[in-house]
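Heads up: the structure comes next, in structure tokens.
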Amino acid sequence: MIFERRRFGKDNYLYLLAEGGDAALVDPADPETALALVRRIGIHPRWIVHTHGHADHSGGSARLREEFSAEVIGHGADAGWFRPDRDLAGAEFLELGALRIRVHEAPGHTPGSVLLEWRGRLLTGDTLFWSGCGNCRHGGDPVRLAATFRTVFPGLDPRLEVHPGHDYAEANLAFVLGLEPGNQAAAGRLSAVRASRAAGLEPEATELGEEALVNPFLRAGGDGPFIDLRGRRDRT
Ligand SMILES: [Zn+2]
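Counting with the working numbering, you get residues 32 to 267 for the letters of the sequence shown.
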């Protein structure tokens with residue numbers, strides 16, 4: 032079993048999942064980073080899976096699809112951004128050779144956002160970040176995102192490791208501590224994230240249960256979006 036996460040650009044992450052010789056890349060928007068990873072491991076990914084359609088996640092798939100004769104898999108509701116060979120809509124499980132990935136539809140950041148659960152890990156794309164959640168500025172819907180946080184995450188195993196599509200942890204934790212100045216878990220997490228980054232390491236993944244302590248979006252209730260967006264002047 033192989034599970035690898037690689038940073039590209041400033042804060043993007045791509046992932047490699049493999050079971051025996053069966054391998055899938057998740058959101059490999061930077062082909063060079065993805066190619067370096069699979070060459071180092073010596074594996075041939077036959078599948079490219081997208082958590083959602085935005086170009087900083089799906090932009091590398093056309094080249095890698097050609098390079099590996101790989102199948103591109105994602106939710107058809109995001110097909111305006113990329114062309115999936117296989118549509119994840121309505122799929123509960125994704126069987127890729129020996130890889131068996133559970134799929135959770137999680138609309139909101141985009142209409143076709145999904146969470147991918149595999150071997151105790153939850154790949155959350157831009158739906159859930161460490162200490163934050165995705166925005167809705169590019170084809171998203173805050174009411175649907177709020178519904179995802181209220182209905183999808185509470186049904187998941189709290190021991191799942193959270194592996195997001197970006198590392199925004201430091202900025203998000205500053206926001207959380209502004210909102211909840213007495214949140215000791217958030218203060219501790221910020222220190223740990225800063226120490227990891229200062230040492231040239233990636234932040235440790237949180238478990239979903241502990242993530243809820245440092246992520247107010249996992250604790251939001253009510254029937255509407257978390258904040259009233261009416262009359263808000265959006266930054267574009
Ligand atoms: Zn996105």
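The C-beta atom is built at its ideal place from N, Cα and C for all residues, glycine as well.
Please identify the residue among the options whose C-alpha is closest to the C-alpha of residue i.
{"i": "residue 79", "options": "40, 41, 126", "result": "126"}
{"i": "residue 76", "options": "82, 97, 183", "result": "97"}
{"i": "residue 34", "options": "109, 194, 239", "result": "194"}
{"i": "residue 241", "options": "216, 222, 248", "result": "216"}
{"i": "residue 51", "options": "40, 131, 59", "result": "131"}
{"i": "residue 38", "options": "67, 100, 32, 49", "result": "67"}
{"i": "residue 200", "options": "227, 36, 187", "result": "227"}
By DSSP, does residue i sit in helix, in strand, or in coil?
{"i": "residue 42", "result": "coil"}
{"i": "residue 262", "result": "With a pLDDT of only 46 at residue 262, under the threshold of 50, the placement of this residue in the model should not be trusted, and no figure is reported."}
{"i": "residue 220", "result": "helix"}
{"i": "residue 205", "result": "helix"}
{"i": "residue 165", "result": "coil"}
{"i": "residue 135", "result": "strand"}
{"i": "residue 53", "result": "strand"}
{"i": "residue 123", "result": "coil"}
{"i": "residue 195", "result": "strand"}
{"i": "residue 113", "result": "coil"}
{"i": "residue 255", "result": "The predicted position of residue 255 is uncertain, since its pLDDT is 44 and thus under 50; a value taken from the coordinates is nonetheless stated next. DSSP places residue 255 in coil when its eight states are reduced to three."}
{"i": "residue 32", "result": "coil"}
Give a single yes or no on whether residue i has its beta carbon closer than 7 Å to a heavy atom of ligand 1.
{"i": "residue 31", "result": "As shown, the chain starts at 32 and ends at 267. That puts residue 31 outside it, with no answer to give."}
{"i": "residue 118", "result": "no"}
{"i": "residue 88", "result": "yes"}
{"i": "residue 61", "result": "no"}
{"i": "residue 165", "result": "yes"}
{"i": "residue 157", "result": "yes"}
{"i": "residue 194", "result": "no"}
{"i": "residue 83", "result": "yes"}
{"i": "residue 106", "result": "no"}
{"i": "residue 140", "result": "yes"}
For my contact list, residue i and residue j are in at a C-beta cut-off of 8 Å; report their separation, rounded to the angstrom.
{"i": "residue 236", "j": "residue 180", "result": "With 8 Å as the limit, residue 236 and residue 180 do not qualify as a contact, their Cβ atoms being about 19 Å apart."}
{"i": "residue 107", "j": "residue 143", "result": "7 Å"}
{"i": "residue 163", "j": "residue 206", "result": "7 Å"}
{"i": "residue 247", "j": "residue 210", "result": "6 Å"}
Are the CB atoms of residue i and residue j nearer to each other than 8 Å?
{"i": "residue 103", "j": "residue 87", "result": "no"}
{"i": "residue 91", "j": "residue 42", "result": "no"}
{"i": "residue 197", "j": "residue 140", "result": "no"}
{"i": "residue 119", "j": "residue 128", "result": "no"}
{"i": "residue 154", "j": "residue 46", "result": "yes"}
{"i": "residue 208", "j": "residue 148", "result": "no"}
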